[in-house]
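Please read the structure below before turning to the comments.
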Amino acid sequence: MKKRFLEAAKITKAVGLRGEMRAQLLCDGCRILTDFDLALGGEHLPVKVLSAVPLKNDMCKIRLEGVETAEQAQKLAGKILYLDRDDAELPPDTWFIADIIGLPVYDAESGELYGRVTEIMQNGPADVYCIKTEEGRELLFPAIPDVLKKVDVEGERIEIVPLKGLFDGQEEVK
Numbered sequence: 053m054k055k056r057f058l059e060a061a062k063i064t065k066a067v068g069l070r071g072e073m074r075a076q077l078l079c080d081g082c083r084i085l086t087d088f089d090l091a092l093g094g095e096h097l098p099v100k101v102l103s104a105v106p107l108k109n110d111m112c113k114i115r116l117e118g119v120e121t122a123e124q125a126q127k128l129a130g131k132i133l134y135l136d137r138d139d140a141e142l143p144p145d146t147w148f149i150a151d152i153i154g155l156p157v158y159d160a161e162s163g164e165l166y167g168r169v170t171e172i173m174q175n176g177p178a179d180v181y182c183i184k185t186e187e188g189r190e191l192l193f194p195a196i197p198d199v200l201k202k203v204d205v206e207g208e209r210i211e212i213v214p215l216k217g218l219f220d221g222q223e224e225v226k
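Going by the numbering used here, the first residue of the sequence shown is number 53, and it counts up by one from there.
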């Protein structure tokens, strides 16, 4: 079942004296925080991000409407900012990471089940999907057209054609 609210950022701490906060991005960039209406915490309280400035290592400095002091900002440390999926429009052949995590990955030709997606790493020219097999092995594959053949979020299925030797030597996870 798809979650209605998707994690966009996690507030980590107050910065300065005027209510600014540091937040760890859990989405594709700071711009998402200012372009959409967001919700705060598990209660999904509406909140407006007035500014979001990129920092290093998937972090940004944010300012929320109504948060004027360091004390107010510090009380929000640890809270998650959520995006309502109904507000976001995805381009064709793109998906929310939250919808991909947990999907089973099959060989497109043989139908063999490789495992389930546990993580998606976004630190290069192509995303890298991490899957865990039933035997506990961790397998990695690049999300490139030669390998990733089909993503069916509704049908809960991913199909790949691994390049020769792609999964050779990948170790068991303990």
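All residues carry an ideal CB built from backbone N, CA and C; glycine is no exception.
Going by the DSSP bridge assignment, what does residue i pair with across the sheet?
i      : result
Tyr181 : Ile172, Phe193
Arg115 : Ser103
Glu211 : Tyr158, Lys202
Leu90  : Val99, Leu135
Ala129 : Partner(s): none; Ala129 has no beta bridge.
Leu165 : Tyr158
Report the three-state DSSP secondary structure of residue i (helix, strand or coil).
i      : result
Arg56  : coil
Glu123 : helix
Ile63  : strand
Ala150 : helix
Glu224 : Model confidence at Glu224 stands at a pLDDT of 47, short of 50, so the residue's coordinates are unreliable; what they give is reported in the following sentence. Strand, per DSSP.
Are the CB atoms of residue i and residue j nearer to each other than 8 Å?
i      : j      : result
Leu78  : Lys62  : yes
Ile210 : Pro177 : no
Val199 : Ile183 : no
Phe88  : Asp139 : yes
Ala129 : Gly71  : no
Let's see if you can read the secondary structure: which residues bound the alpha helix (DSSP H) around residue i?
i     : result
Asp87 : 82-87
What are the boundary residues of the beta strand (DSSP E) that includes residue i?
i     : result
Leu77 : 72-77
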